[in-house]
C-alpha cells in the first residue's frame, strides 16, 4: 500500500480531532489528498457513514455510502448502511434493492434478510400487490466477486469463530479455560511466550468466547513475530467485542510490522473515536507508538 508515513500521521491526527469533536462535515477535505488506494478510502467513507447513521444523519450517510461504493463496488457494509439509511428516510424501494444486493453477495447476512422482509411488508402496504414492478433495477453481483469473498471467508476460517449457534461453554469448561489462561499469563511474565501460546490455545478450546485470551495470545504472537497470527486473534476478539482497545491496538501493531501503513492508519482512526474510557491513553498509544 502506498500511503506515505507523513500523510498517514497527519490524517490520523486530523481525523481523530474531528471525530472526537463530532465535526464530520470537515472530513471530506481530509480524505481528498489520499486517493492513492481506493479500497482503503472506501473503508474510511463507509466508517464515517456508520457515524452519520448512528447520529441519525441519514442523508449524509447515504452520500458517504455512495462514495464508498463508487470506490469499492459491492462493499457489503456500505450496502447495509445505505439500506438502513434509506429505510429510516422511508425510501423503501431503494432500501429493498440494497438489502437484496447484499444477499446476493452473502446469503447468510441476517440483517439483510430481516431488512428485506421489512421492506417487502412496507412496500406491499404502500404500493399494493404490484410493488415489485416499481422497484429500481437490482444490480447483478458478478460470480468473480462472490468467489473472491468466499475465498476470503475460507481464509478466515482457520480458527473457529465463536458464534451464537455454538453451544455456550459449561461452568466446568469455563473454569478449566480460566485456569489455563492464568498459566499462560504466568508464562508471559517469565518471558516464555511460545509456551504461553500453547496454554492460551488450550484455554480457547474450552472457552472460545473469552476476549482476553485472544488478545493475550495476540500479544504473544507479536513477541515471537508471528504477525499474521496476531492479526487473526485480534480479529477474533473484535468479533466478540468490536470496541476492544487492546485488540485494535495490537492489530495495528501487527500491521505496522508487516508494513501495511494504510491499515495502521484506519485502525488508528477506530482507536481515536471517543469512548467513555481510555481516551487520553488511546491517543497517546496511537500517536507515539504506531507512527513513530
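Residue numbers (our numbering): 12 to 303.
Quick reminder that beta carbons are idealized off the backbone N, C-alpha and C, glycines included.
Values in this document were obtained by computation on a predicted structure and should not be read as measured data.
ask   = From 245, 63, 87, pick the residue whose C-alpha is nearest to that of residue 118; which is it?
value = Here residue 118 is taken as the residue at index 107 of the chain shown, counted from 1. Checked all of 245, 63, 87; the closest Cα to residue 118 is 87.
ask   = When you compare each of 113, 133, 70 to residue 124 by their alpha carbons, which one comes out closest?
value = In the chain shown, residue 124 corresponds to position 113, counting from 1. Nearest option by C-alpha distance: 113.
request  = Starting from the Cα of residue 270, find the closest Cα among 209, 154, 238, 108 and give me that residue.
outcome  = Reading the chain shown from its first residue, position 259 is the one you call residue 270. It is 238 whose Cα lies nearest to the Cα of residue 270.
query = Expressed to the nearest angstrom, what Euclidean distance is found between the alpha-carbon atoms of residue 200 and residue 183?
reply = The residue you call residue 200 lines up with position 189 of the chain shown. The residue you call residue 183 lines up with position 172 of the chain shown. So the alpha carbons of these two residues sit roughly 26 Å apart.
inquiry  = If distances are taken between C-alpha atoms only, which option among 120, 108, 180 comes closest to residue 148?
reply    = By 1-based counting over the chain shown, the position of residue 148 is 137. Ranking the options by Cα distance to residue 148, first place goes to 108.
query = residue 236: which of 246, 74, 141, 261 sits nearest, CA to CA?
reply = Within the chain shown, the letter at position 225 stands for residue 236. Here the closest residue by C-alpha is 261.
task = Drop a sphere of 10 angstroms on the beta-carbon of residue 140, count the other beta-carbons inside from all chains shown, and report buried for 16 or more, exposed for fewer.
result = Locating residue 140 in the chain shown gives position 129, counting from the first residue. Looking at its Cβ environment, which holds fewer than 16 other Cβ atoms inside 10 Å, residue 140 is exposed.
key: Contiguous beta strand (DSSP E) assignments of at least 3 residues, all confined to the segment 89-171   = None, since the segment 89-171 contains no complete beta strand (DSSP E) of that length.
query = Where does residue 50 sit, in a helix, a strand or coil, going by DSSP?
reply = Position 39 of the chain shown holds residue 50. Helix.
6 Å Cβ shell around residue 93 - same chain, five flanking residues per side excluded = What you label residue 93 is simply residue 82 of the chain shown in a count that begins at 1. Closer than 6 Å at Cβ, skipping near neighbours: 73, 76, 109.
inquiry  = Distance check for residue 179 and residue 210, CA to CA, integer angstroms please.
reply    = Against the chain shown, residue 210 aligns to sequence position 199. Against the chain shown, residue 179 aligns to sequence position 168. Roughly 21 Å between the two C-alpha positions.
key: Status (buried if at least 16 other CB within 10 Å, exposed otherwise) for residue 193   = In the chain shown, the residue the question calls residue 193 occupies position 182. Residue 193 comes out exposed.
ask   = residue 143 to residue 81, Cα distance in whole Å?
value = The residue you call residue 143 lines up with position 132 of the chain shown. The residue you call residue 81 lines up with position 70 of the chain shown. C-alpha separation (whole angstroms): 26 Å.
Where residue 221 falls, given that 16 or more other Cβ within 10 Å makes a residue buried = Translated into positions along the chain shown, residue 221 becomes position 210. Taking every protein chain shown into account, the CB of residue 221 has 16 or more other CB atoms within 10 angstroms, so this residue is buried.
inquiry  = Closest to residue 153 by C-alpha separation, out of 95, 54, 243, 116, would be which residue?
reply    = Position 142 of the chain shown, counted from the first residue, corresponds to residue 153. If we check each option's Cα against that of residue 153, 116 comes out closest.
key: Pair within 8 Å by beta-carbon distance, residue 251 and residue 265   = Numbered from its first residue, the chain shown carries residue 251 at position 240. Numbered from its first residue, the chain shown carries residue 265 at position 254. Between residue 251 and residue 265, the gap from beta carbon to beta carbon reaches 8 Å or more.
ask   = So residue 235 is in the alpha helix (DSSP H); what residue range does that whole segment cover?
value = Along the chain shown, read from residue 1 onward, the residue named residue 235 stands at position 224. Neither: residue 235 is in no alpha helix (DSSP H) and is coded neither H nor E.
query = Excluding sequence positions up to five away, which residues of its chain have a Cβ less than 7 Å from the Cβ of residue 100?
reply = Within the chain shown, numbered from 1, the residue matching residue 100 stands at position 89. Contacts found: 69.
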